[in-house]
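*Asks:* This is the structure I want to talk about, given as structure tokens.
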Ligand SMILES: C[S@@+](CC[C@H](N)C(=O)[O-])C[C@H]1O[C@@H](n2cnc3c(N)ncnc32)[C@H](O)[C@@H]1O
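In my numbering, the protein residues as written are 7 to 273.
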């Protein structure tokens, strides 16, 4: 697996993360945010929300864009929100997409899964969905059985091994004919933190089809990841024993940023 900055967390980094988590836990709780553009409250710890987005228009637009991408992917597979009996949103975070998904699919049919306990609790309380706590290991997870899995921005953080484990777990969680929608960073970044490494990233994508750069001090293999659509297609085929097939690829389909890949488990 190519890694540009592979390193184990050193003890001081671990200590810093633990003390940061403790500080966050002890801090006085802030009230939820109610913003004109956003459906439902935003949790004060939702780091998908940025304070300069004063009325929440950007936050709302990203959520709505995901719903559009899911709708197109379902249509490509000959399905629609109306025939989804059970849906898994993993990772749900604090519900940036989930709050709108719950307007398309009855909340009691939605499972909200994340490793962040506070986030799934919030989603359950605020949007009436069923919470499910994830684990750092994504292998052989018990995720229930679903007609639709929405996986917005998790593969974008995983190394090869954990991405494969997640896709294997998704295979077991799909009903026959069920659809798993996975988003990826498919292009080297033109802006932001990793833009200076654009050429290296492009080279790794060309040579290997993927690249993972771990976050400094991450407690488990978590970081920033890029994949070619074809790499994910092959990884899902391998993880599922060829029982899961690509049905659509929507380049930059989520907020003109992440590519959206939809897969169907063979009936
Ligand atoms: C970039 S956020 C995306 C959240 C949400 N999909 C959204 O669009 O707002 C990534 C999420 O992955 C979650 N996560 C990280 N590791 C995870 C794991 N092993 N299982 C489930 N969720 C995980 C994080 O807690 C975080 O909420």
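Where a beta carbon is used, it is the ideal one built from N, C-alpha and C, also for glycine.
Here the structure is a predicted model, which is why all the values come from computation and not from measurement.
Nearest to residue 71 by CA position, among 103, 48 and 53, is which residue?
*Replies:* 103
*Asks:* Using the three-state DSSP reduction, which class does residue 137 fall into: helix, strand or coil?
*Replies:* Residue state for residue 137 is assigned as strand, using DSSP reduced to three classes.
*Asks:* By Cβ distance, which residues of its chain are closer than 7 Å to residue 179, with the 5 residues on each side in sequence left out?
*Replies:* 94, 149, 150, 151, 152 and 155
*Asks:* Tell me, which residues are paired with residue 188 by DSSP?
*Replies:* 157 and 267
*Asks:* Among 189, 118, 76 and 36, which one has its Cα closest to the Cα of residue 96?
*Replies:* Measuring from the Cα of residue 96, the nearest candidate turns out to be 118.
*Asks:* For the alpha helix (DSSP H) containing residue 252, name the first residue and the last one.
*Replies:* Element bounds for residue 252: not the alpha helix (DSSP H) but the beta strand (DSSP E), 250-260.
*Asks:* Which residue from 161, 222, 228 and 62 puts its Cα closest to that of residue 274?
*Replies:* As shown, the chain starts at 7 and ends at 273. That puts residue 274 outside it, with no answer to give.
*Asks:* Which value, in whole angstroms, describes the spacing of the CA atoms of residue 251 and residue 37?
*Replies:* Residue 251 and residue 37 have their alpha carbons spaced roughly 44 Å apart.
*Asks:* Could you tell me the distance, in whole angstroms, from the CA atom of residue 52 to the CA atom of residue 230?
*Replies:* The alpha-carbon atoms of residue 52 and residue 230 are separated by roughly 19 Å.
*Asks:* Determine the direct distance from the alpha carbon of residue 163 to that of residue 201, and round the result to whole angstroms.
*Replies:* 17 Å
*Asks:* Would you check if the distance between the CB atom of residue 271 and the CB atom of residue 170 is smaller than 8 Å?
*Replies:* no
*Asks:* Cβ of residue 144 within 7 Å of any heavy atom in ligand 1?
*Replies:* yes
*Asks:* What's the call for residue 88, buried or exposed, on a 16-neighbour Cβ count within 10 Å?
*Replies:* By the neighbour-count rule (16 or more Cβ atoms within 10 Å), residue 88 is not buried but exposed.
*Asks:* In chain order, what are the residue ranges of uninterrupted alpha helix (DSSP H) at least 4 long that sit wholly in the segment 161-226?
*Replies:* Correct list: 166-179 and 204-214.
*Asks:* By the three-class DSSP mapping on this structure, what secondary structure does residue 11 have?
*Replies:* Low local confidence applies: a pLDDT of 34 at residue 11 is under 50, so the model's placement there is unreliable, with the coordinate-based value given in what follows. Of the three classes helix, strand and coil, the one that applies to residue 11 here is coil, per DSSP.
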